[in-house]
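Be aware that the sequence shown starts at 3, since it is given in our numbering, and climbs by one per residue.
Backbone N, C-alpha and C define an ideal beta-carbon position, used for all residues, glycine too.
Predicted, not measured: the structure shown is a model, and the values here were computed from it.
Beneath this line is the structure, given in C-alpha cells, with notes to follow.
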Amino acid sequence: MNEKRVVAIYARQSVDKKDSVSIESQIDDCKRTIGQNEDVRVYTDRGKSGKSIVGRDELMKMMKDVEANLISRVVVYKLDRFARNIADFYNLQKTLEEHNCSFVSVTQGFNTSDSMGRAMMGILAVFAQMERENISARIKDNYDYRVKDRRWASGKAPFGYKNGKIDGKTTLIPDPEEVSAVQTIFKLYATEPNISIGKLQDKLNEMGITGHQTDKGFSRTTLGRILKNPVYAPGDELIRKYYEKFHIQFVNDKEEWNGETSAAVVGKNNRTINAEDKEEMKIYLTNVKPIVDTETFLLVQDRMSENSAIASDNLPNTNLQELSGLLKCAECNGTFGRRRYAECIYSCKL
C-alpha cells in the first residue's frame, strides 16, 4: 500500500499580484524537498481565498485522495496556503493523521512526522488565523473610514448609476437612460391609482422599459428593491425622520442631513439591505446626487406599506384560515386557499 502512495503538492494563490508568490514558484520550491524517485501529484487552487476551504475544488480533491490512502505526504510552500482558519486546519490535519499522511511546510521548516513539527503546526495555525482576523479588521476600518468620508461604500452600483470616482473618491455616476427609467418607476408608483408591484411591472413592460432584465422586463423583486432604496432620494431632514422609526443607527450627525446628497442603508457585515430589515441597520450619507425628490420617495414608501398591509390582511390568518380549502368563491367557484383568498376577498358574496 505504502509503495503505491504518492507525495502531494498543494499550492494556492488568492490573486495574481507582483508581491505574492506565484503557484509555479510554490510548486518549484516544494519539489526541491522531494526525492527524485518519489511520485508527485500536484493540486492547485488559483484565485481562491484561504479564509475557508469552501470552493477550493483541488483541495477537496486532494483530501479525497488522502482518504483513499493514495497520498503519503502533503507538501506546501507555507501553512497559510493550506488553511488560514484554525477550525479548518485542525479538521484537515485530523484527516491526515487518520490516514497516516504527514504534512510538510517548506519555508517554515517542519513536518508532522515528529513531535516538534506537530507542536509548531499548532502554533503557526493560531498565528495564521490571527493574521486573517487582522486583515478583516483592516478591511472594516477602511470601510468605516470611507463611510465617514461620505464616499459610496456599498459595492455594486444600483440601477440608474455606474460605479466611478470623483476627485479620487468612490461614487456613483448617473446613467441618463437608466435615471429616466428610475424616475418613471417612482412616478408611476406614486401617482397611478390602485398601483401594485405587479401592475407596475406590467405597465413598464407596455412602455418598453426593461432595465437590465430579460425580455420579460424588471422582476418584482428588483422593482421592490429600487423603490425602497434611499440612494435615489435626498438625504434631508424628512428622509432622516422617516428612517428614525426603524431604530436605525445614523452614521452622520443630524445637521449634515441637508439634502445635497443621498443616503444608503446597510446591515450587518456592511451589506446593502432593504429598509424593513431592522437588525443591525445603519444609514450613512453618500456623495451621490439624488435623482428622485423627497415627496415622491416618501409617498412611494407610504403606498408600499399600505399595499403590504392590505396583502397581509387578505391572507387567511384569522379564523378563516381553518376553512381554507373548504370555502368556494361565489363568482369564480374556486376553492379558497391563501392566494385565492387574497384575490377574491373584494368580490366574493359569502
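Local Cβ density within 10 Å of residue i, reported as buried at 16 or more and exposed below that
i: residue 67; result: buried
i: residue 273; result: Low local confidence applies: a pLDDT of 48 at residue 273 is under 50, so the model's placement there is unreliable, with the coordinate-based value given in what follows. Under this definition residue 273 is an exposed residue.
i: residue 34; result: exposed
i: residue 178; result: exposed
i: residue 107; result: buried
i: residue 231; result: buried
i: residue 304; result: exposed
i: residue 180; result: buried
i: residue 128; result: exposed
i: residue 264; result: buried
Cα-Cα separation, residue i to residue j
i: residue 196; j: residue 286; result: 33 Å
i: residue 15; j: residue 63; result: 17 Å
i: residue 6; j: residue 72; result: 7 Å
i: residue 79; j: residue 253; result: 44 Å
i: residue 275; j: residue 169; result: Note that residue 275 has pLDDT 49, beneath the 50 cutoff, so the model's placement of it is unreliable and the number below is only indicative. Near 28 Å, if we compare the C-alpha coordinates of residue 169 and residue 275.
i: residue 88; j: residue 74; result: 23 Å
i: residue 92; j: residue 60; result: 18 Å
i: residue 47; j: residue 13; result: 6 Å
i: residue 100; j: residue 223; result: 49 Å
i: residue 174; j: residue 208; result: 29 Å
i: residue 70; j: residue 102; result: 11 Å
Whole-number beta carbon distance between residue j and residue i, since they are thought to touch under 8 Å
i: residue 293; j: residue 162; result: 6 Å
i: residue 55; j: residue 85; result: 7 Å
i: residue 172; j: residue 159; result: With 8 Å as the limit, residue 172 and residue 159 do not qualify as a contact, their Cβ atoms being about 10 Å apart.
i: residue 152; j: residue 288; result: 6 Å
i: residue 211; j: residue 186; result: 6 Å
i: residue 65; j: residue 94; result: 7 Å
i: residue 229; j: residue 306; result: 6 Å
Residue from the options with nearest C-alpha to residue i
i: residue 37; options: 174, 189, 8, 58; result: 8
i: residue 49; options: 58, 185, 290; result: 58
i: residue 31; options: 111, 220, 168, 305; result: 111
i: residue 310; options: 207, 25, 200, 204; result: 200
i: residue 255; options: 206, 308, 237, 89; result: 237
i: residue 109; options: 284, 176, 28; result: 28
i: residue 42; options: 241, 51, 25, 11; result: 11
i: residue 258; options: 241, 249, 268; result: 241
i: residue 284; options: 260, 261, 246; result: 246
Close Cβ partners of residue i (< 8 Å) along its chain, the five nearest in sequence each way excluded
i: residue 98; result: 68, 76, 104, 105, 114
i: residue 244; result: 300, 303
Close Cβ partners of residue i (< 7 Å) along its chain, the five nearest in sequence each way excluded
i: residue 17; result: 49
Proximal residues to residue i (C-beta, below 6 Å), its chain only, five neighbours per side dropped
i: residue 298; result: 188, 192
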